[in-house]
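**Student:** Numbering (my numbering), first residue to last: 41 to 364.
Cβ atoms here follow ideal geometry from the backbone N, Cα and C, with glycine treated the same way.
This is the structure I want to talk about, given as structure tokens.
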Amino acid sequence: MKRIALAVPLLLALLCPLLMSAKKEDDLKHIVFIAGNRSHGPGEHEFYAGCTLLAKALNEQSGLKVKATVVRADWPKENKDVVASADTIVIYADHVSAHAGQWEFLDSLAKKGVGMVFMHYAVHPSPQIGEKYYRPWIGAAMESGYSVNPHWVADLSIIREHEIGNGVSPEAITCLDEWYYHMRFIEDREKVLDLFTAVPTRKNMHRYINMWNKNGVEGLNKPQTLMWGYERPAGGRGVGFVGGHYHHTWAVDGVRRAVLNAIIWTAGMAVPEGGVSSRTPTEEELNVNLDKKGRVKRIKVPDPAEWRKLPPAKVQTEREAKFK
Numbered sequence: 041m042k043r044i045a046l047a048v049p050l051l052l053a054l055l056c057p058l059l060m061s062a063k064k065e066d067d068l069k070h071i072v073f074i075a076g077n078r079s080h081g082p083g084e085h086e087f088y089a090g091c092t093l094l095a096k097a098l099n100e101q102s103g104l105k106v107k108a109t110v111v112r113a114d115w116p117k118e119n120k121d122v123v124a125s126a127d128t129i130v131i132y133a134d135h136v137s138a139h140a141g142q143w144e145f146l147d148s149l150a151k152k153g154v155g156m157v158f159m160h161y162a163v164h165p166s167p168q169i170g171e172k173y174y175r176p177w178i179g180a181a182m183e184s185g186y187s188v189n190p191h192w193v194a195d196l197s198i199i200r201e202h203e204i205g206n207g208v209s210p211e212a213i214t215c216l217d218e219w220y221y222h223m224r225f226i227e228d229r230e231k232v233l234d235l236f237t238a239v240p241t242r243k244n245m246h247r248y249i250n251m252w253n254k255n256g257v258e259g260l261n262k263p264q265t266l267m268w269g270y271e272r273p274a275g276g277r278g279v280g281f282v283g284g285h286y287h288h289t290w291a292v293d294g295v296r297r298a299v300l301n302a303i304i305w306t307a308g309m310a311v312p313e314g315g316v317s318s319r320t321p322t323e324e325e326l327n328v329n330l331d332k333k334g335r336v337k338r339i340k341v342p343d344p345a346e347w348r349k350l351p352p353a354k355v356q357t358e359r360e361a362k363f364k
């Protein structure tokens with residue numbers, strides 16, 4: 041009996057730290073990044089490296105009560121419970137490659153108020169999936185034959201009257217990326233927030249590539265929405281961000297901060313007055329966790345002044361003459 045009496049306090053002493061740790065975990069907002077598989081050439085579509093960089097910023101630099109976890113495209117087999125525990129889910133992948141076949145599962149989470157963020161190519165489902173899931177989740181989606189995907193040097197303007205703009209420079213943020221535009225929005229367009237906008241022109245166009253169409257031409261010299269936010273009528277928030285083709289984009293402070301702000305907003309958190317804190321990645325940090333793609337291309341911390349010197353892409357006159 042005496043042994044039992046002695047053992048109880050010892051057991052409690054051992055359990056208390058574990059219970060306290062579990063309580064601390066419960067107090068954290070859980071952000072789950074789903075990183076797509078290897079894609080494109082070095083420095084492009086670096087989904088895993090981009091997700092780990094943003095997750096590290098949230099976990100180690102933001103000072104916020106968050107826990108960011110990165111899973112890969114095999115999550116339905118390996119980490120479905122992790123995704124199910126999320127307060128917000130960030131999908132950064134090619135097309136729907138990292139979440140196809142999980143529509144009803146993800147929809148059930150969205151209906152519970154779980155946030156959704158889709159980045160770069162992940163904003164591009166089929167028109168049917170866009171209509172059934174994406175627009176109800178995040179307010180808009182890219183659509184083949186309707187949207188365009190040129191590479192251009194955008195001078196980004198952040199929304200000023202919303203907390204996602206907190207701490208982001210009011211000056212234009214220059215960034216070269218594959219900036220999709222002319223998204224298919226929900227019918228009630230006014231309910232979608234224009235978080236990042238920029239104006240494509242012939243002068244700042246770098247490459248027109250495969251999806252260029254008449255909507256791209258007609259959208260020149262007009263503000264285009266490159267990141268948007270949406271509050272679902274039944275609860276929950278969604279964001280779409282079209283950038284992130286190039287890994288260098290995450291070293292552009294204003295872009296990284298705005299995206300981090302948007303992520304925690306979708307998790308139901310208040311964005312700090314000065315925005316989410318994070319350090320500019322060093323060149324060394326930009327070159328870790330990259331997918332193995334055979335040849336190596338060292339990623340440099342970008343200099344926006346160099347992007348401004350890029351010559352404009354040649355206008356595809358014959359191609360555009362055939363647009364209807």
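On a CA-only basis, which of Q264, R277 and W252 is nearest T28? Give me that one, please.
**Tutor:** The structure shown does not extend to residue 28, since the chain is modelled only from 41 through 364, so no value can be given for it.
**Student:** Alpha helix (DSSP H) containing I178: first to last residue?
**Tutor:** R175 to I178
**Student:** Count the CB pairs spanning the region 85 to 99 and the region 130 to 139 that are closer than 8 angstroms, and state whether there are at least three.
**Tutor:** yes
**Student:** For I249, which option in S318, D234 and S187 has the closest C-alpha, if you only look at C-alpha atoms?
**Tutor:** S187
**Student:** With A238 and W268 assumed to form a contact (beta carbons below 8 angstroms), what rounded beta-carbon distance in angstroms separates them?
**Tutor:** 13 angstroms between Cβ atoms; not a contact.
**Student:** Per DSSP, which one or two residues make a beta bridge with D217?
**Tutor:** Bridge partners of D217: W192.
**Student:** Roughly how many angstroms lie between the CA atoms of S197 and V208, to the nearest whole one?
**Tutor:** 9 angstroms
**Student:** Taking the alpha-carbon positions, what's the A194 to K120 distance?
**Tutor:** 37 angstroms
**Student:** At what residue ranges does the region 263 to 307 contain a whole run of the alpha helix (DSSP H), taking only runs of 4 or more?
**Tutor:** For the region 263 to 307, the full-length alpha helix (DSSP H) segments reaching 4 residues or more read 293 to 306 along the chain.
**Student:** Once DSSP output is grouped into helix, strand and coil, what is the label at I169?
**Tutor:** helix
**Student:** For M222, which of I213, C215 and D234 has the nearest alpha-carbon?
**Tutor:** According to the sequence as given, residue 222 is His; it is not Met. Ranking the options by Cα distance to H222, first place goes to D234.
**Student:** With a Cβ-Cβ cutoff of 8 angstroms, do K364 and A274 count as a contact?
**Tutor:** Taking 8 angstroms as the cut-off, the beta carbon of K364 is found no closer than this to the beta carbon of A274.
**Student:** Residues in its own chain within less than 7 angstroms of V355 by CB, not counting five upstream and five downstream?
**Tutor:** The residues R242, in chain order, have a CB closer than 7 angstroms to that of V355 in the same chain once the five nearest residues on each side in sequence are set aside.
**Student:** Whether or not the region 284 to 295 and the region 167 to 178 are in contact is what I'm after, with contact meaning three or more pairs of Cβ atoms, one per stretch, closer than 8 angstroms; do they touch?
**Tutor:** At 8 angstroms Cβ cutoff, the stretches do not touch.
**Student:** If I follow the unbroken beta strand (DSSP E) through R247, where does it start and stop?
**Tutor:** M245 to R247
**Student:** Helix, strand or coil for K117, going by three-state DSSP, please let me know.
**Tutor:** helix
**Student:** Kindly give me the distance between the Cβ atoms of I74 and V111, rounded to whole angstroms, as I take these residues to be in contact under 8 angstroms.
**Tutor:** Rounded, the Cβ-Cβ distance is 6 angstroms, consistent with contact.
**Student:** Let me confirm a value: G141 is counted as buried when at least 16 other C-beta atoms fall within 10 Å, else exposed. Which label applies?
**Tutor:** Residue burial annotation: G141 is exposed, with fewer than 16 other C-beta atoms found within 10 angstroms of its C-beta.
**Student:** Roughly how many angstroms lie between the CA atoms of R272 and R335, to the nearest whole one?
**Tutor:** 44 angstroms
**Student:** Check whether the Cβ atoms of F281 and V257 sit closer than 8 angstroms, and answer yes or no.
**Tutor:** no
**Student:** Nearest to G308 by alpha carbon, out of D127, E360 and G179?
**Tutor:** D127
**Student:** Helix, strand or coil: which one does DSSP assign to L93?
**Tutor:** In the structure shown, L93 sits in a helix (DSSP, three-state: H, G or I).
**Student:** What does a CB cutoff of less than 6 angstroms around Y161 pick up in its chain, not counting 5 residues either side in sequence?
**Tutor:** Its chain contains D134 and H135 as the residues whose beta carbon lies nearer than 6 angstroms to that of Y161, once the 5 sequence neighbours on both sides are disregarded; these appear in chain order.
**Student:** In terms of alpha-carbon separation, which member of D343, K340 and D331 lies closest to H85?
**Tutor:** Comparing Cα positions, the closest option is D331.
**Student:** Looking at the C-beta of I198, does it have a partner C-beta in chain C at a distance below 8 angstroms?
**Tutor:** Judged by its chain identifiers, the structure shown contains no chain C, having just a single protein chain.
**Student:** Over what stretch of residues does the alpha helix (DSSP H) that includes V328 continue unbroken?
**Tutor:** Run containing V328: none; DSSP gives neither H nor E here.
**Student:** On the CB-based measure, 16 or more other CB atoms within 10 Å of its CB, does K349 come out buried or exposed?
**Tutor:** A residue is called buried once 16 or more other Cβ atoms fall within 10 Å of its Cβ, and K349, having fewer, is exposed.
**Student:** Looking only at DSSP bridge pairs, what is A75 linked to?
**Tutor:** R112 and Y132
**Student:** With a 10 Å radius around its C-beta and 16 neighbouring C-beta atoms as the bar for buried, classify G76 as buried or exposed.
**Tutor:** Counting Cβ neighbours within 10 Å, G76 comes out buried, since at least 16 surround it.
**Student:** I believe K190 touches P263 by the beta-carbon criterion, under 8 angstroms. Please report the beta-carbon distance rounded to the nearest angstrom.
**Tutor:** It is Pro, not Lys, that sits at residue 190 in the sequence shown. Not a contact, Cβ separation roughly 16 angstroms.
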